[in-house]
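Participant: If you read the sequences in order, they're chains A and B.
The working numbering puts the first residue of the first sequence at 836, with every later residue one more than the last.
The working numbering puts the first residue of the second sequence at 836, with every later residue one more than the last.
All C-beta atoms in this analysis are idealised placements derived from N, C-alpha and C, irrespective of residue type, glycine included.
Computed from a predicted structure; not experimentally measured.
2 protein chains.
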Amino acid sequence: MGRKEKDQQQIEDVRLRILEAAKKLFLKEGYEATSIRKIAAEIKLSPTTIYLYYKDKSDIAYTLHKEGFKVLGEQFMVLQHVESGFERLKAMGRIYINFAIQNTDFYQLMFIMKEPMEFISDKDCCEWEEGEFAFGALQQTVLDCKAEGYFNGLNENNVALNIWALVHGLCSLKLQGHLDHVASAHLHVPEDRNILEEAFETLVLMLDKMK
Amino acid sequence: MGRKEKDQQQIEDVRLRILEAAKKLFLKEGYEATSIRKIAAEIKLSPTTIYLYYKDKSDIAYTLHKEGFKVLGEQFMVLQHVESGFERLKAMGRIYINFAIQNTDFYQLMFIMKEPMEFISDKDCCEWEEGEFAFGALQQTVLDCKAEGYFNGLNENNVALNIWALVHGLCSLKLQGHLDHVASAHLHVPEDRNILEEAFETLVLMLDKMK
DNA sequence: AAATATAATTAACACCGTTAATTAAAAAAA
DNA sequence: TTTTTTTAATTAACGGTGTTAATTATATTT
Chain A
836 MGRKEKDQQQ IEDVRLRILE AAKKLFLKEG YEATSIRKIA AEIKLSPTTI
886 YLYYKDKSDI AYTLHKEGFK VLGEQFMVLQ HVESGFERLK AMGRIYINFA
936 IQNTDFYQLM FIMKEPMEFI SDKDCCEWEE GEFAFGALQQ TVLDCKAEGY
986 FNGLNENNVA LNIWALVHGL CSLKLQGHLD HVASAHLHVP EDRNILEEAF
1036 ETLVLMLDKM K
Chain B
836 MGRKEKDQQQ IEDVRLRILE AAKKLFLKEG YEATSIRKIA AEIKLSPTTI
886 YLYYKDKSDI AYTLHKEGFK VLGEQFMVLQ HVESGFERLK AMGRIYINFA
936 IQNTDFYQLM FIMKEPMEFI SDKDCCEWEE GEFAFGALQQ TVLDCKAEGY
986 FNGLNENNVA LNIWALVHGL CSLKLQGHLD HVASAHLHVP EDRNILEEAF
1036 ETLVLMLDKM K
């Protein structure tokens, strides 16, 4: 019965080819513009065949969303070698921001769009979530910062949540165009100066004040 | 030639009826599910007639987006009577969060979706932006906080930006379902306890540390 | 009353996600 | 090996979408 395993492998192969095609189109033209029909055409399949491998479009979105979390998690790996909690926190923020800027489409899928999250809540079982690893790392780092004298008297989970929200907020406003809009309208910021980085530098100073 | 003015009035009337129908449907079923055809049916017009009054769908989104900023701006009005800068900052955050939670669809249109902002950047002229009033109020409040001894040595514009990003980040993560997901997965938070409010309370404590 | 300008309509294009019915291919049973 | 059964992939179709071009109805002006 070695046949069945090989079939399973072939099925997994098609699943992957669909996903690769979806990713390619998605990174090139964005999620909305990537239709099931285009994905199918890309790998010379009939559109309806896609539905034999994925429940619907948001299922594909969710699978890509998971992949994004895996990539972010890998980039977080280097943080394990940073001893100081506060230094790790800063590095974490920088990695997160870089990831968001360099993988804008993945970031949209992971944190801004609602489709993948809706797919999650539609699922009966709450399986292992890759995003949880990243947040767990942040939690631990905030805890280490507390040991170094930061965030005294503050609930560490809420601090972690706030820091995530802040960095996500910066990225999200940047990706949606609000940051540049406000910068050119309210702040007379030179075009060449990166407003996101400047804000992050101030954030570091702010956190430093919480020792 | 008082005729022409009356015509102008009638044109403005239809424009408004379209917008009201769009808003009603949008608040009930969300932006994506609100089609031009449904808007037209709502006020017994042909779908194509809409295009005589609005350039395209994102034009309608942008007009609604502007209205959202007007409502938020009105809710900010009460802040003028708060003398203390820091108290005003706290109240501002609470108003912003309440607005986001109670007008989730408007909030999506104003800060999360990309269509309205794309419409802005497609426009040749950069006319008065209602959102600027709200951010201006925040800028002034941060300045007042500085006068009260907060945020010493920090660039006030960047501080304002970071605070906005933080509160927006919380709201955005909440609306997208990430906040509740993390809360139930990582933080063992009782269902009845409002995680957003709890995070905000910690934020206030954090800001208080920056005196 | 006829000619012109404008407002609204119908018809049409090129898509979309998704489901049901059908055909082609492979595996199992005879 | 041939027939039956299972499974994989396809075509056809439904009911939508935003948007444009061509056309008709309605006022306004000559």
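Cβ of E967 (chain B) less than 7 angstroms from any chain A Cβ?
Facilitator: Yes, because at least one Cβ of chain A sits closer than 7 angstroms to the Cβ of E967 (chain B).
Participant: Does the contact criterion of 3 or more C-beta pairs under 8 angstroms hold for the stretch 869-876 of chain B versus the stretch 915-922 of chain B?
Facilitator: The stretch 869-876 of chain B is not in contact with the stretch 915-922 of chain B.
Participant: Checking contacts by CB at 7 angstroms: is C960 (chain B) closer than that to chain A?
Facilitator: Reliability fails at C960 (chain B), whose pLDDT of 44 lies under 50, so the model's placement of it is uncertain and the value that follows must be treated cautiously. For C960 (chain B), the answer is no, since every Cβ of chain A falls outside 7 angstroms of its Cβ.
Participant: Using the rule of at least 16 other Cβ atoms within 10 Å of the residue's Cβ for burial, across every protein chain shown, is E950 (chain B) buried or exposed?
Facilitator: Buried, by the Cβ-count rule.
Participant: In its own chain, which residues sit with a C-beta less than 7 angstroms from the C-beta of C1006 (chain B), not counting the 5 before and 5 after it?
Facilitator: Only I932, A935, Y942 meet the Cβ criterion.
Participant: Following a CB-centred definition, is M927 (chain A) positioned closer than 6 angstroms to any heavy atom of the ligand GDP?
Facilitator: Ligands displayed in this structure: none; no statement on the ligand GDP is therefore possible.
Participant: How is E864 (chain A) classed by DSSP in three states: helix, strand or coil?
Facilitator: If DSSP states are grouped into helix, strand and coil, E864 (chain A) belongs with the helices.
Participant: Kindly indicate the opening and closing residues of the alpha helix (DSSP H) around V917 (chain A).
Facilitator: Taken as a continuous stretch (DSSP letters only), V917 (chain A) belongs to no alpha helix (DSSP H), as it is neither H nor E.
Participant: Compare the Cα-Cα distances from L1008 (chain B) to each of A:E1032, A:N997, A:M927 and report the closest residue.
Facilitator: Taking only the C-alpha atoms, the option nearest L1008 (chain B) is A:N997.
Participant: Could you tell me the alpha carbon to alpha carbon distance between G865 (chain B) and D940 (chain B), rounded to whole angstroms?
Facilitator: Cα to Cα, G865 (chain B) sits roughly 7 angstroms from D940 (chain B).
Participant: In whole angstroms, what separates the C-alpha of C960 (chain A) from that of H1023 (chain B)?
Facilitator: Confidence at C960 (chain A) is low in this model, with a pLDDT of 44, below 50, so its placement is unreliable and no value can be given for it.
Participant: Run down chain B in chain order and give the residues with a C-beta less than 7 angstroms from the C-beta of K1044 (chain A).
Facilitator: The answer, in chain order, is K1044, M1045.
Participant: For I846 (chain A), is the classification buried or exposed, using 16 other Cβ atoms within 10 angstroms of its Cβ as the cut-off for buried?
Facilitator: I846 (chain A) comes out exposed.
Participant: Can you tell me which of A:D957, A:H1013, A:I895 puts its alpha carbon nearest to the alpha carbon of S956 (chain B)?
Facilitator: Considering only alpha carbons, the answer is A:H1013.
Participant: Hey, could you find the ends of the alpha helix (DSSP H) Y897 (chain B) is sitting in?
Facilitator: Run containing Y897 (chain B): 892-911, per the alpha helix (DSSP H) assignment.
Participant: Return helix, strand or coil for Y886 (chain B), following the three-state DSSP convention.
Facilitator: Residue state, collapsed to three classes: helix.
Participant: Cα separation between K1046 (chain A) and L1040 (chain A)?
Facilitator: Roughly 11 angstroms separates the two Cα atoms.
Participant: Short of 7 angstroms Cβ to Cβ, which residues in the stretch 873-905 of chain A face chain B?
Facilitator: Of all residues in the stretch 873-905 of chain A, none has a Cβ within less than 7 angstroms of some Cβ in chain B.
Participant: Looking at the secondary structure, which residues open and close the alpha helix (DSSP H) in which I955 (chain A) lies?
Facilitator: Start and end: 950-957.
Participant: Specify, as a first and last residue, the run of the alpha helix (DSSP H) that Y942 (chain A) falls within.
Facilitator: Counting along the chain, the alpha helix (DSSP H) containing Y942 (chain A) begins and ends at 939-942.
Participant: Closest to F970 (chain B) by CA distance: which of B:A1000, B:N987, B:G984, B:A876 is it?
Facilitator: Looking at the Cα atoms, B:A1000 is the closest of the given residues.
Participant: Mark V1017 (chain A) as exposed unless 16 or more other C-beta atoms lie within 10 angstroms of its C-beta, in which case mark it buried.
Facilitator: V1017 (chain A) should be labelled buried.
Participant: Along the chain, where does the alpha helix (DSSP H) that runs through I947 (chain A) open and close?
Facilitator: Where I947 (chain A) is concerned, there is no enclosing alpha helix (DSSP H), given that its DSSP letter is neither H nor E.
Participant: Is A982 (chain A) buried or exposed, if buried means 16 or more other CB atoms sit within 10 Å of its CB?
Facilitator: Its Cβ having fewer than 16 others within 10 Å, A982 (chain A) is exposed.
Participant: Would you report the Cα separation of E909 (chain A) and G984 (chain A), rounded to the nearest angstrom?
Facilitator: Using only the alpha carbons, I get a separation of about 29 angstroms.
Participant: In three-state terms, what does DSSP make of I1011 (chain A)?
Facilitator: Checking the sequence shown, residue 1011 (chain A) turns out to be Gln, not Ile. It is coil, neither helix nor strand.
Participant: Looking at chain B, which residues of the stretch 912-926 of chain A have a Cβ within less than 7 angstroms of any of its Cβ atoms?
Facilitator: Flagged: no residues at all.
Participant: Comparing alpha-carbon positions, which option in B:A926, B:K879, B:F861 lies nearest V849 (chain B)?
Facilitator: Ranking the options by Cα distance to V849 (chain B), first place goes to B:K879.
Participant: So is A1020 (chain A) in contact with chain B if we call contact Cβ pairs under 7 angstroms?
Facilitator: For A1020 (chain A), the answer is yes, since a Cβ of chain B falls inside 7 angstroms of its Cβ.
Participant: Report yes or no: is there a C-beta of chain B within less than 7 angstroms of the C-beta of F970 (chain A)?
Facilitator: It does; some Cβ of chain B falls within 7 angstroms.
Participant: Going by beta-carbon coordinates alone, are T898 (chain A) and L854 (chain A) separated by less than 7 angstroms?
Facilitator: For T898 (chain A) and L854 (chain A), yes; Cβs fall inside 7 angstroms.
Participant: Thinking just about the alpha-carbon of each residue, which of B:M945, B:Q974, B:Y889 is nearest to the one in K905 (chain B)?
Facilitator: Out of B:M945, B:Q974, B:Y889, B:M945 has the C-alpha closest to the C-alpha of K905 (chain B).
Participant: For G966 (chain A), I'd like the list of residues in its chain whose CB is within less than 6 angstroms of its CB, leaving aside the five on either flank, ordered along the chain.
Facilitator: Excluding residues within five positions, the ones whose Cβ falls inside 6 angstroms are F904.
Participant: Indicate whether E991 (chain B) and V1002 (chain B) have their beta-carbon atoms separated by less than 7 angstroms.
Facilitator: Result no, Cβ atoms of E991 (chain B) and V1002 (chain B) do not sit closer than 7 angstroms.
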